[in-house]
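Numbering (my numbering) for the sequence shown: 2 to 136.
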Amino acid sequence: MGCAVLLAMGFQLAAQDRSAPDIPAVVAFVGDAGMEMVLGELATLRDLKLLVVIVVFIDESLALIELKQRKSELPNLGVDFGATNFPAVTEALGGIGHWISSRDELIEALDGAFERETFTLLACRIGEKVYDGRF
Ligand SMILES: Cc1ncc(C[n+]2csc(CCOP(=O)(O)OP(=O)(O)O)c2C)c(N)n1
Ligand SMILES: [Mg+2]
Numbered sequence: 002m003g004c005a006v007l008l009a010m011g012f013q014l015a016a017q018d019r020s021a022p023d024i025p026a027v028v029a030f031v032g033d034a035g036m037e038m039v040l041g042e043l044a045t046l047r048d049l050k051l052l053v054v055i056v057v058f059i060d061e062s063l064a065l066i067e068l069k070q071r072k073s074e075l076p077n078l079g080v081d082f083g084a085t086n087f088p089a090v091t092e093a094l095g096g097i098g099h100w101i102s103s104r105d106e107l108i109e110a111l112d113g114a115f116e117r118e119t120f121t122l123l124a125c126r127i128g129e130k131v132y133d134g135r136f
């Protein structure tokens, strides 16, 4: 969980080591629980000035596990959690954070993210149980 953020950071670092400044922003896609597990890395993004864009799927759920739990006809247990204000945390740690509720907002926010010099987190509200029928 959360490894996409670390992999994106590592990719940017390796690109710098290879003197490849033409690498644009790297985009990481991560679940909201995964993002909570690696929140401290936002401070590292700030300090290393790494141009990474993080797209967080917000559903206040360990959705993949909830899906498995439900398919196994087990009671809902330990898979729901509270809302985190990810954009506020991002801003507190020196990045730019936005809430996203539509494809159009995502496209516009990505364009903005690719223009700037700081890291960006886009908190995308994807709704509940949207993985149903897709796995
Ligand atoms: C460190 C770690 N702990 C537990 C798991 C098992 N696991 C796989 S997916 C998942 C839920 C992830 O929730 P979230 O990041 O919100 O993603 P979602 O499925 O909701 O999109 C868990 C607990 C894991 N892969 N890695
Ligand atoms: Mg989730």
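From the three backbone atoms N, C-alpha and C, an ideal C-beta is built for every residue, glycine too.
Spatial neighbours of Leu-43 in its own chain (CB-CB distance under 8 angstroms, excluding positions within 5 residues in sequence) are listed in chain order as Val-90, Thr-91, Leu-94, Gly-95, Gly-96, Phe-120, Leu-122.
Exposure of Ala-15 is indicated by the presence of fewer than 16 other C-beta atoms within 10 angstroms of its C-beta. With respect to Ile-55, Val-6 sits close: the two C-beta atoms are nearer than 7 angstroms.
Exclusion of the five residues before and after Phe-87 leaves Met-36, Val-57, Gly-98, Leu-122, Ala-124 as the residues of its chain whose Cβ lies within less than 7 angstroms of its Cβ.
Across the set Trp-100, Asp-18, Ala-84, Ala-9, the C-alpha of Ala-84 shows the shortest separation from the C-alpha of Glu-61. Taking 7 angstroms as the cut-off, the beta carbon of Met-38 is found closer than this to the beta carbon of Met-2.
When the Cα atoms are used, Gln-17 and Leu-46 turn out to be separated by approximately 14 angstroms. In this structure, ligand 1 has no non-hydrogen atom nearer than 6 angstroms to the beta-carbon of Asp-81.
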